[in-house]
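*Asks:* Got a structure for you, questions after.
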Amino acid sequence: GKEGGGEGRSRVPHWSSSMSGAARLNVFPTRQNLGVMKIKLVGAKKGHSLLKKKADALTMRMRSLLRQIMECKDTMGTSFKLGMFALAEVKYAAGDIKPMIIENVTKSTTTINLQVDNVAGVKVPVFTAKHEGHDVGTELIGMAKGGQQIGKARDAFSKALDVLVKLATLQTSFITLDEAVKVTNRRVNALDCVVVPRLEATVSYITGELDEMEREEFFRLKRSQKKKQRDIAQAIKDKAAAKEKEQQEAANMLAAGGDKDVIF
Numbered sequence: 010g011k012e013g014g015g016e017g018r019s020r021v022p023h024w025s026s027s028m029s030g031a032a033r034l035n036v037f038p039t040r041q042n043l044g045v046m047k048i049k050l051v052g053a054k055k056g057h058s059l060l061k062k063k064a065d066a067l068t069m070r071m072r073s074l075l076r077q078i079m080e081c082k083d084t085m086g087t088s089f090k091l092g093m094f095a096l097a098e099v100k101y102a103a104g105d106i107k108p109m110i111i112e113n114v115t116k117s118t119t120t121i122n123l124q125v126d127n128v129a130g131v132k133v134p135v136f137t138a139k140h141e142g143h144d145v146g147t148e149l150i151g152m153a154k155g156g157q158q159i160g161k162a163r164d165a166f167s168k169a170l171d172v173l174v175k176l177a178t179l180q181t182s183f184i185t186l187d188e189a190v191k192v193t194n195r196r197v198n199a200l201d202c203v204v205v206p207r208l209e210a211t212v213s214y215i216t217g218e219l220d221e222m223e224r225e226e227f228f229r230l231k232r233s234q235k236k237k238q239r240d241i242a243q244a245i246k247d248k249a250a251a252k253e254k255e256q257q258e259a260a261n262m263l264a265a266g267g268d269k270d271v272i273f
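Per the numbering used here, the very first residue in the sequence shown carries number 10; after that it's consecutive.
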């Protein structure tokens with residue numbers, strides 16, 4: 010049964026994934042495919058290691074950003090509180106100056122610049138506030154009364170604006186890194202739970218099939234060698250039997266005697 014099953018067994022890959030639960034790739038078991046699968050397995054493990062390090066680095070940066078966001082929010086509350094107190098002093102000293110400011114403002118004295126920072130391959134925006142001095146049209150506001158309080162309020166809200174821009178940078182970076190961490194973790198889990206086990210199962214399957222082929226080939230060669238030895242032994246035996254038969258025939262002829270004497 011083993012002899013017949015060894016040679017009659019067809020070498021086709023098992024394309025059905027019901028038995029293996031889709032735990033390996035559908036490839037033909039050859040040494041070339043084995044080398045390809047081993048290279049892919051090494052690459053998958055290296056990619057998993059790099060993505061894991063990237064996820065850890067992003068997570069550490071997110072924790073640092075979260076701490077900075079909490080500190081910045083506290084600072085922002087304090088800054089706006091001081092700014093509102095300064096604005097109350099302005100209203101008390103100079104009255105409602107909002108219409109005069111709206112009428113005299115000609116351009117923005119603060120602009121926001123956008124830069125890009127690279128964190129472990131993830132690009133995050135960085136906002137910076139650039140102050141260009143005071144508007145000429147608003148410098149004369151408060152000359153009659155409340156000029157000192159107006160300057161104090163201007164400085165307080167300028168500092169509050171810097172804190173607000175910094176907070177915007179931190180929160181935007183935190184949201185961007187959070188999305189990047191989710192994507193990276195999904196890739197890490199996919200490599201860890203799907204790709205690497207599937208490649209390992211494929212390598213194991215191909216190795217087992219190649220070993221089985223080698224055992225069957227060895228058994229076939231061994232059986233062929235035994236058959237050849239039996240044929241050689243049978244040929245030697247037949248030759249010896251034929252020689253013995255010839256010798257027996259010659260002996261029989263000698264035992265029968267020679268020709269009768271001829272009398273002249």
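A virtual CB, placed ideally from N, CA and C, is assigned to each residue, including glycine.
Here the structure is a predicted model, which is why all the values come from computation and not from measurement.
1. Using only CA atoms, which one of T178, N127, Q257, K161 lies nearest to V99?
2. Distance check for L96 and Q180, CA to CA, integer angstroms please.
3. Alpha carbons only, please: which of Q234, I121, L186, L91 is nearest the one belonging to M71?
4. Anyone know if the C-beta pair for L8 and I215 falls short of 9 Å?
5. Among all the DSSP beta bridges, which residues are the ones paired with V128?
6. What residue from V192, F228, K252 has the CA that sits closest to T68's CA?
7. Keeping to the same chain, check which residues put their C-beta closer than 7 Å to that of S167; ignore five residues upstream and five downstream.
8. Look at the alpha carbon of V128 and the alpha carbon of K47, and state the distance between them as a whole number of angstroms.
9. Go ahead and label R207 buried or exposed: buried means 16 or more other beta carbons lie within 10 angstroms of its beta carbon, across all protein chains shown.
10. Using a threshold of 9 Å, state whether the C-beta atoms of A53 and V197 are closer than that.
11. If you follow the alpha helix (DSSP H) that L34 is in, where does it begin and where does it stop?
12. Tell me, please, which residues DSSP counts as bridged to F136.
13. What is the residue span of the alpha helix (DSSP H) that S1 lies within?
14. For T68, which three-state DSSP category applies?
15. For A260, does the count of other Cβ atoms within 10 angstroms reach 16, so buried, or fall short, so exposed?
16. Residues in the same chain with beta-carbon distance under 8 Å from Q77, minus the five sequence neighbours each way, listed in chain order, please.
*Replies:* According to the structure shown:
1. Check the Cα spacing between V99 and each of T178, N127, Q257, K161: the tightest is with K161.
2. Near 28 Å, if we compare the C-alpha coordinates of L96 and Q180.
3. Measuring from the Cα of M71, the nearest candidate turns out to be L186.
4. As displayed, the chain neither begins before 10 nor continues past 273, which places residue 8 out of reach and without an answer.
5. The beta-bridge partner set that DSSP reports for V128 consists of V131.
6. Shortest Cα-Cα distance from T68 to any of V192, F228, K252 involves V192.
7. Around S167: H140.
8. So the alpha carbons of these two residues sit roughly 32 Å apart.
9. R207 comes out buried.
10. No, the pair does not count as a contact, with Cβ atoms beyond the cut-off.
11. Bounds of any alpha helix (DSSP H) do not take in L34, whose DSSP letter is neither H nor E.
12. Beta-bridge pairing by DSSP links F136 to L123.
13. Only positions 10 to 273 of the chain appear in the structure, and residue 1 is not among them; the question remains open.
14. Of the three classes helix, strand and coil, the one that applies to T68 here is helix, per DSSP.
15. That one is exposed.
16. Hits under 8 Å: L179.
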